[in-house]
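Peer 1: To start, I am sharing the structure in question, which I have written as C-alpha cells.
Residue numbers (the UniProt record's numbering): 1 to 136.
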C-alpha cells in the first residue's frame with residue numbers, strides 16, 4: 001500500500017474493494033492499531049494512532065473468520081465479551097435480538113451454522129456501541 005488518504009464522516013458507510021492480496025485487511029488492521037505503519041500517520045475520530053492502540057477510540061471489528069469456544073452457548077459467548085468491555089447483560093440480549101440469534105442464544109456454538117457464527121461475531125463487534133465498526 002502506498003499513499004492512502006481516506007476520509008469518512010460520521011454516519012457514512014464505506015467499503016474497501018480490491019482483489020485478494022490488495023491490502024484491504026492490512027489497511028483495516030492499521031486502522032485498528034493492530035499493525036504499525038512503516039511511514040505516515042493514521043488518524044481516527046480526530047485521534048492520532050500512537051503505536052499503543054487507539055486510546056479512547058471505540059471500535060468494533062468482525063474478522064473474515066470468527067472462532068468461539070464451541071462448548072459455550074451464544075449467550076455465554078456474548079456475556080464473556082461484555083464483561084471484558086465492562087458492558088451489562090441487558091445489552092447482550094438486545095444485540096442477540098438485533099442479529100436474529102435470540103431464539104438460539106441458549107444453544108451451544110458448536111450447533112451454529114457458519115452464518116449464525118458470523119452473526120454472533122457481529123453482535124460481539126457491536127458491544128459497547130462502537131464509534132467505528134470494521135467488517136472484514
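No residue lacks a Cβ here, since even glycine has one placed at the ideal position from N, Cα and C.
1) Measuring straight from C-alpha to C-alpha, what distance separates residue 95 and residue 61?
2) Would you report the Cα separation of residue 58 and residue 131, rounded to the nearest angstrom?
3) Can you grab the Cα-Cα spacing for the pair residue 66 / residue 74, in whole Å?
4) May I ask which residues mark the beginning and end of the alpha helix (DSSP H) holding residue 80?
5) I'd like to confirm the pairing. Which residues does DSSP put opposite residue 99 in its beta bridges?
6) Output the distance between the C-alpha atoms of residue 103 and residue 81, rounded to the nearest integer angstrom.
7) List the residues that DSSP assigns as beta-bridge partners of residue 61.
8) Which stretch, first to last residue, makes up the alpha helix (DSSP H) that contains residue 28?
9) Report the three-state DSSP secondary structure of residue 122 (helix, strand or coil).
10) Might you give, ordered along the chain, the residues of its own chain that have their beta carbon closer than 6 Å to the beta carbon of residue 13, omitting 5 neighbours on each side?
11) Might you give, ordered along the chain, the residues of its own chain that have their beta carbon closer than 8 Å to the beta carbon of residue 100, omitting 5 neighbours on each side?
12) Verify whether the separation of the beta carbon atoms of residue 134 and residue 31 is less than 9 Å.
Peer 2: Here's the rundown:
1) Roughly 15 Å separates the two Cα atoms.
2) Cα to Cα, the separation comes out at about 5 Å.
3) Distance between the alpha carbons of residue 66 and residue 74: 13 Å.
4) 74-84 is the span of the alpha helix (DSSP H), which, as asked, contains residue 80.
5) Partner(s): none; residue 99 has no beta bridge.
6) C-alpha of residue 103 to C-alpha of residue 81: approximately 20 Å in a straight line.
7) Within the DSSP secondary-structure output, residue 61 pairs in a beta bridge with 134.
8) Counting along the chain, the alpha helix (DSSP H) containing residue 28 begins and ends at 24-32.
9) In this structure, residue 122 counts as helix in the three-state DSSP scheme.
10) Closer than 6 Å at Cβ, skipping near neighbours: no residue.
11) Spatial neighbours of residue 100 in its own chain (CB-CB distance under 8 Å, excluding positions within 5 residues in sequence) are listed in chain order as 119.
12) At the C-beta level, residue 134 and residue 31 come within 9 Å of one another.
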